[in-house]
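So for the sequence shown, this note's numbering puts the first residue at 917; every next one is plus one. The beta carbon of each residue, even a glycine, is placed where N, CA and C say it ideally should be. Remarks on the structure that follows.
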Amino acid sequence: MAMLFLFPWLAWLLVSVSGVYLLGLLTHERERRRGLPPGPRPLPVIGSLHLLGDQPHRSLARLAKVHGPLMSLRLGTVTTVVASSPAVAREFLQRHDAVFSNRSVPDATGAHSRTSSVWLPNAPRWRAMRKIMGAELFAPHRLDALQQLRREKVQELVDHVGRLARRGEPVDVGRVAFTTSLNLVSRTIFSRDLTRLDDDGGTREFQRVVTEIMEAVGCPNISDYFPAIAAADLQGWRRHLARLFARLHRIFDEEIDGRLRGRDAGEPRKNDFLDLLLDAADDGDSTARLDRDTLRSLFTDLFSAGSDTSSSTVEWAMTELLRSPTSMAKVCDELDAVIGAKKSIEESDIGRLPYLQAVVKETFRLHPPAPLLLPRHTQDDIKIMGYTIPKGSRVFVNVWAMGRDKETWSDPEKFMPERFFGKAVDLRGGDFDLIPFGGGRRICPGMPLAIRMVHMLLASMLNKFTWRLPAEAERNAMAMLFLFPWLAWLLVSVSGVYLLGLLTHERERRRGLPPGPRPLPVIGSLHLLGDQPHRFLARLAKVHGPLMSLRLGAVRVVASSPAVAREFLQRHDAVFSSRFVPDATGDDYAKNSLAWLPNGPRWRALRKVIVTQLFAPHRLDELEHLRREKVQELVDHVGRLAIMGEVVDIGRVAFATSLNLVSQTIFSRDLTSLSDDGGSKEFQEVATNMMEAMGGPNISDFFPALAAADLQGWRRRLARLFARLHRIFDDEIDGRLRGRDDGEPRKNDFLDLLLDAAEDGDKTARLDRETLRALFMYSWCDIFRHYDLFAAGSDTSSSTVEWAMAELLQSPTLMAKSCDEIARVLGSRKSIEESDIDQLPYLQAVVKETLRLHPPAPLLLPRHAQVDTKIMGYTIPKGSRVYITVWAMSRDKAIWLEPEKFMPERFMRRQIDFRGGDFDLVPFGAGRRICPGMPLAIRMVPLVLASILHKFTWRLPTEVKRNGVDMTEKFGLTLAKAVPIGS
């Protein structure tokens, strides 16, 4: 899938902002005359976005105290109306429900919104889909029929908590409640569990995906407030959400396909929700249109809302009870009095537990699952309480504020379940004092199940156990970093940059920069780069020459020929030996990372550790048996798949092999298994997302004045990815330190060597915890692409193997030549040794040709000019960023015959060293910043490729063979294959 870049859209930014600014000068007076509800006076361009802060529901509640319970704001260019009292909410959700029955669709949802019952407009298709859910999934008779299933899931939860209690381990209430809710939904839909309570990894991953979906849908998105620039997806939420949806869709597709195969094979029906939906699809319900996309969207909605609402409410309830021992004692006493000696709670018991019901209501009041509900959309101009709500307005109902309204609730900030004993409140949408599930025709359809589940989960956990907080526990709410406080700077920054831009080009011409395209004001030449920057830069070099300058925010210099690359990477290497650090990496990571540290004593000390202890020839020779073992595991796994007739995902199995090789070298254990699709896919996705976040275009890198806002969210996203890996690394470090304290034998792996160096007090390298984390990241990256031990370590090798197989599968003649050579050299031997590789010149040529056409880093990592320097008569000013387009150099017709053709034979006639000595081919870079992991990568790639070619006959799946191999590239810090190859 080609990555949608922001570059082509930045050209519209100045025009859009300027136009919006002018419109903004006229808007407030016009809005006043139109009779909108009162609200804060908007600023030009951003309106009232700056007032929302990092907790919009709280900010809107405070504003309502000033402007009233019916309030209007201009958020960007969108008129927004907020209801903050039961009386006003009733106007929108009951009295005028028809006018406000459509929802305002967040831009991030993309194609999902076209088939989702959550976002579809109030029309026949939405009504047909809602009828299916109301009649077949959430109807009372259906819920009654599934009572035994809920009892079973709750008992599994109780048993699991009991095991943890006996072991003295803390219970993550949110996680176990989420797992129980998730499996209840999956059993109802698919008749099987999707995870297990004792499977921390699988549950956390599913929970993370659901949480991120909720965040992406609900987070502030500049596209929603400035629709004129929505297509640019500046913050990347639409792309991010599409990836999350795709992960869930893969699971759903497997379930649907398996069920369809079972029907074809005559297997018995399961009569679950999937069977009912497939029946409806077979019956040809043209109104609901239950095609594959609709089923995916329906399941996504059910799993996201169904798993999250119940579990988060239980977690909040337990938090409040643990903070209030009196309330905890009351609810437990009630359970003892009603349940007595019974071992388990039935749903029929809940009606006899009024205090428990009050606890649930009080939790919904203080912590509604959706504090602003889902926004509605006005279909026509309408009068509400004497004010005009114009067509197209976005309407929020602030149920969080309504739950804390002093006119409705006494002492509203206090958790006090007793308030519901003197006040009969129906939370099912009939009483607007408390509407956590909304009201009217768009009320949450899953409410009947959620209400049953929350009571059952909470009562069962409270009945069986005495709860207390761990001594160190103190729940710190993580403030969500919003873009709103920064938008106020946007107009000032863009205007300033515009004025500077008018003066820049002439000044640059006088400074003697290399030639390049004439920049536009503000955006420079960003609009020229497109969605494949390496290809666009190659085309621009044909016009402006192999040494070219562009203004992309700051000055960029691009080298596109071996002679020019030699100037930067060899002759003037000292001046360009520091790297430009992408804003997304963040200071905490960059200041400890071998990839990004400047050329100084600490970088040299860390590189010495890596080169002498991990990638030195003697160390690699010692570990040859380990590489042989990992490759044999790969061959055995592929053999099992071949026997079963299953397709082999070459990229994934090569990645898992490389990952385990690195983890064995560092930690003396595997981090995944070849048969664990979920685990290795998860690691691969983390690595891929890291490369994309560090290498993808980021407005913060081009306009540093806006960097603090992190408008596209790359820094936040990368911080989350780092945190996931850091948890793994911390577990390994802590475990090894405990082992040392307990006198366990040394493993003499890289971790032991680093801990020795840390204990010896190497002050130059400063091997503290943060540095160890960054080094492990470097080791991983150094086989994934060549940067930070784990992320690069697992992908350069696997990506190159995947590209090589893709090219060979497209050319049976070349595949035959490779296999014939291997068969001739190995004879009857079953396995390949590293010493055999030197006798396989054609295989080596295949690897070189793959690295030529598909270099792991198409632009290398950008260098940073430390001083003004003359290169080939041109001035490269201090602070310039320098890109070496090895992708373009490898396709230069002056160097390569038929450069676009995959032709290994060219290396049989021409000896080229790709280890940095011959600048015609420098896939690993050159000079003092050459990839330190290159020695391992050039051993692993030929060994893996030769082993899988030697043992098996490869062919493409029928569909791929018919349509051809998709060779689309996915640009980022690395050049990955966009569509995995399966054979």
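First through last residue of the beta strand (DSSP E) which encompasses residue i
i: I1300; result: 1298–1300
i: F1312; result: 1310–1313
i: S1465; result: 1463–1468
i: T1791; result: 1790–1792
i: L989; result: 986–991
i: K1786; result: 1785–1787
i: V994; result: 994–999
i: I1615; result: Unbroken run through I1615 is the alpha helix (DSSP H), 1615–1618; no beta strand (DSSP E).
i: T1304; result: 1303–1305
Residue i - DSSP class collapsed to helix/strand/coil
i: A1732; result: helix
i: D1882; result: coil
i: L1542; result: helix
i: D1565; result: strand
i: M1377; result: helix
i: I1255; result: helix
i: A1720; result: helix
i: R1124; result: helix
i: A1132; result: helix
i: S1631; result: Residue identity check: residue 1631 is Arg in the sequence provided, not Ser. Reduced to three states, the DSSP call for R1631 is helix.
i: D1114; result: coil
i: G1090; result: helix
i: N1099; result: helix
i: N1605; result: helix
i: N1018; result: strand
i: R1185; result: coil
i: R1487; result: helix
i: H1012; result: coil
i: G1843; result: helix
Closer than 6 Å: residue i CB and nearest the ligand ADP heavy atom
i: L1378; result: Ligands displayed in this structure: none; no statement on the ligand ADP is therefore possible.
Whole-number beta carbon distance between residue j and residue i, since they are thought to touch under 8 Å
i: V1074; j: S1376; result: 5 Å
i: T995; j: S1001; result: 20 Å between Cβ atoms; not a contact.
i: P1291; j: V1311; result: 6 Å
i: L1688; j: T1501; result: Incorrect: roughly 17 Å between the Cβ atoms, too far for contact.
i: N1605; j: D1499; result: About 16 Å; that fails the 8 Å criterion.
i: P1285; j: P1352; result: 6 Å
i: S1734; j: F1818; result: Not confirmed; about 12 Å, so no contact.
i: S1715; j: P1772; result: 6 Å
i: N1137; j: Q1151; result: 6 Å
i: F1484; j: A1490; result: That belief does not hold up - the Cβ atoms of F1484 and A1490 are roughly 11 Å apart, past 8 Å.
i: V1563; j: S1863; result: Incorrect: roughly 19 Å between the Cβ atoms, too far for contact.
Reference residue i, options the options, closest by Cα
i: I1854; options: H1780, M1049, L1634, S1574; result: S1574
i: L1667; options: D1658, L1653, E1231, D1657; result: L1653
i: R1112; options: Y1141, R1482, V1070; result: V1070
i: H1770; options: Q1827, R1079, A1720, R1689; result: A1720
i: V961; options: D1672, M1363, L991, L1288; result: L991
i: I1792; options: A1340, R1019, V1602, H1488; result: H1488
i: F1638; options: N1576, I1649, M1610, R1166; result: M1610
i: V1802; options: L959, A1511, T1785, L1777; result: L1777
i: R1159; options: E1323, T1025, D1676; result: T1025
i: L1510; options: G1629, L1053, F1692, K1277; result: F1692
i: R1067; options: R1006, S1220, H1371; result: H1371
First through last residue of the alpha helix (DSSP H) which encompasses residue i
i: S1220; result: 1208–1239
i: K1764; result: 1757–1769
i: K1069; result: 1063–1083
i: R1825; result: 1822–1825
i: I1800; result: Counting along the chain, I1800 falls outside any alpha helix (DSSP H), though it belongs to the beta strand (DSSP E) covering 1797–1800.
i: E1900; result: This structure leaves residue 1900 out entirely; the chain is present only between 917 and 1899.
i: P1002; result: 1002–1006
i: L1667; result: 1666–1675
i: A1197; result: 1189–1198
i: D1503; result: 1502–1506
i: E1171; result: 1153–1180
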